[in-house]
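Enquirer:
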Amino acid sequence: MSTGAWRRGAGRCAGLALLVTVAACGGSGSSQHTFNLPAGTELDTTASDRVLLAVESKNQCGDSRSCVATPQPGATPGPSGGCDVGNGNARGLALYRLGTNGLFLEDAAHPGTAAPPEQIIGTADNPRRVLVSPTDPTLVYVATNERLQVFRLAPNGGSRCIAQTTSEKEIDHSAKDLDPVDFALDPTVGNGVLYVAGRGSNRVDAYPIADDGTIGAQPASCIIGSSDSEYTALSLLTRDFLAASGRTQIQVFRRVDGLFPPPTPAPSASPTPTANRTPSCFSGQLVTLPVSFLGAAIVTDTFFSPSAAQPIGELFISEEVSRRLFTFNIDPAGVINSKETSSTKKDGFYQSIRRRDVGSDSLIYASVFQEGRIAVFRLENGLLPEFAFSKTAKDPKTTPVGLAFDGPAGTILYAAESGIGRLDGFRVQADGGLPDVPDTSTEPVTTTDGRVIDSFPSDIAIIPAP
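Quick note: the sequence shown uses this note's numbering, first residue 1, plus one each step.
#1: How many angstroms separate the CA atom of Leu363 from the CA atom of Phe369?
#2: Run the CB neighbour count on Glu371, radius 10 Å, all protein chains shown included, and call it buried at 16 or more, exposed below.
#3: Can you tell me whether DSSP reads Ile171 as helix, strand or coil?
#4: Does the beta-carbon of Thr45 have 16 or more other beta-carbons within 10 angstroms, so that it is buried, or is it exposed?
#5: For Ser227, which three-state DSSP category applies?
#6: Determine the direct distance from the alpha carbon of Asn145 to that of Asp439, and round the result to whole angstroms.
#7: Taking the C-alpha atoms as reference points, what is the distance between Ala244 and Ile330?
#8: Indicate whether Ala206 and Tyr231 have their beta-carbon atoms separated by less than 8 angstroms.
#9: In whole angstroms, what is the alpha-carbon distance linking Leu242 and Arg203?
#10: Per DSSP, Ser342 is paired with what?
#11: With burial defined as no fewer than 16 other Cβ atoms inside 10 Å of the residue's Cβ, what is the status of Thr135: buried or exposed?
#12: Grouping DSSP H, G and I as helix and E and B as strand, with all else coil, what is Ser245?
#13: Are the Cβ atoms of Ala404 and Ala465 separated by less than 8 angstroms?
#14: Can you tell me whether DSSP reads Ser418 as helix, strand or coil?
#15: Pull up the distance between the alpha-carbon of Asp212 and that of Asp186, whole angstroms please.
#16: Helix, strand or coil for Ser201? Go by DSSP, reduced to three states.
#17: With a CB to CB cut of under 6 angstroms and the five nearest residues on each side skipped, what residues in its chain are close to Leu103?
#18: What three-state label does DSSP hand Gly158 in the structure shown?
#19: Could you give the C-beta distance for Thr341 and Ser318, rounded to a whole number, given that I count them as a contact under 8 angstroms?
#20: Whose C-beta lies closer than 8 angstroms to the C-beta of Asp436 among residues of the same chain, with five residues either side of it excluded?
#21: My assumption, with CB atoms under 8 angstroms, is that Ile224 sits in contact with Leu286. Please give the rounded CB distance.
#22: Given a cut-off of 8 angstroms, decide if Ile215 and Leu153 are closer than it, judged by their beta-carbon atoms.
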């Protein structure tokens, strides 16, 4: 199949390993700014038991943003957890209280404005993704530019970092930063296994989760990709398979007890290879071959929709270069079909995609990064239509990224508007569509002395208040 100037190719791989190839580079598009999306003005006056957890990607300490009292010239430990906070970062995560109607809570001291965050937590430089434990919502895993960090949330400012991984440069000073872009967590293996897609490392790392929710300093197992893999999206398929997508391919890999078999220079003699629990993930020279693969052009997000029949389900993907959404069948052997089963028409750079099922209605919500809007698609027999039936007003300056629904009913869809440093909530309408403009919004992020700073929120999650 063709997507613009790109051509897809698919394959099913034997157990051979390849040498690492030369890295590639790429870019993205932009749009002219024509409209200022207004902030939502509706607020709740009664607090609920839920908070919105936001990742502030631009958190580095500097002259124009918040720092701890005595920043050091290098990486410093946090105030209580012994974790990296860069050059004195005081920000990284923010917890906003939601009201009983799902709106942001009004600031009692300043009526008509949204309350500031209840907690602000410092992290290592440039956090970009957060994943909440499905078994303990006080445990959150944060992907920062150089490493992963684990936080235990607590009330009244008691949240703290309890573990972090080793950075690439601590192993090899010449290495690129990890640059993790996506997470996946399988809670069915032991205490769970955390999978991390490294765009800079060209790896997918697997971290078994300990009894206390922490992870090890180094991965227990990994997928080693070629130097142009630039992994950006992960989806768990079954207990046996995981899909990892990136700059040039969508790949399906086998898992054994939650971990990845090591790459080998020849076909394995064992039909079910033993997982490698002591790999050389930081110095591997052999590429892990997938069970199957499909050519792609910068995948930004994926999710898997399982089926009780064959094939085992549909993999939904958003692809930047083609500016479309696609679905592909995956069979019980982990082979991805080279022909898409459905696709949208060319439109925007879809950044995040979220599925919401209400009764027999299945909807896909996608943040359209360069257009500055959110598009809504209604699935037809589980497949994508060509066009969205609902879109919010277009403001390219907002560059929305992360999306989250408030509760199972999904009455409010929240978006991280990275370009304007704001969190917006859109009330979901009866047909699943969204209004043109947000109903509720946060105030500008400021320092303690009142200076507005560019926080660039990139990811959000709604969780019970700690």
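Backbone N, C-alpha and C fix where the C-beta goes; we use that ideal spot for every residue, glycine too.
Expert: The relevant details are as follows:
#1: Those two C-alpha atoms are separated by around 19 angstroms.
#2: buried
#3: Here Ile171 sits in helix by DSSP.
#4: Flag for Thr45 reads exposed.
#5: Here Ser227 sits in coil by DSSP.
#6: 33 angstroms
#7: 13 angstroms
#8: no
#9: Roughly 13 angstroms separates the two Cα atoms.
#10: Thr327
#11: exposed
#12: strand
#13: no
#14: helix
#15: 16 angstroms
#16: Here Ser201 sits in coil by DSSP.
#17: Glu42, Leu43, Asp44 and Thr440
#18: coil
#19: About 15 angstroms; that fails the 8 angstroms criterion.
#20: Thr392 and Ala393
#21: 7 angstroms
#22: no
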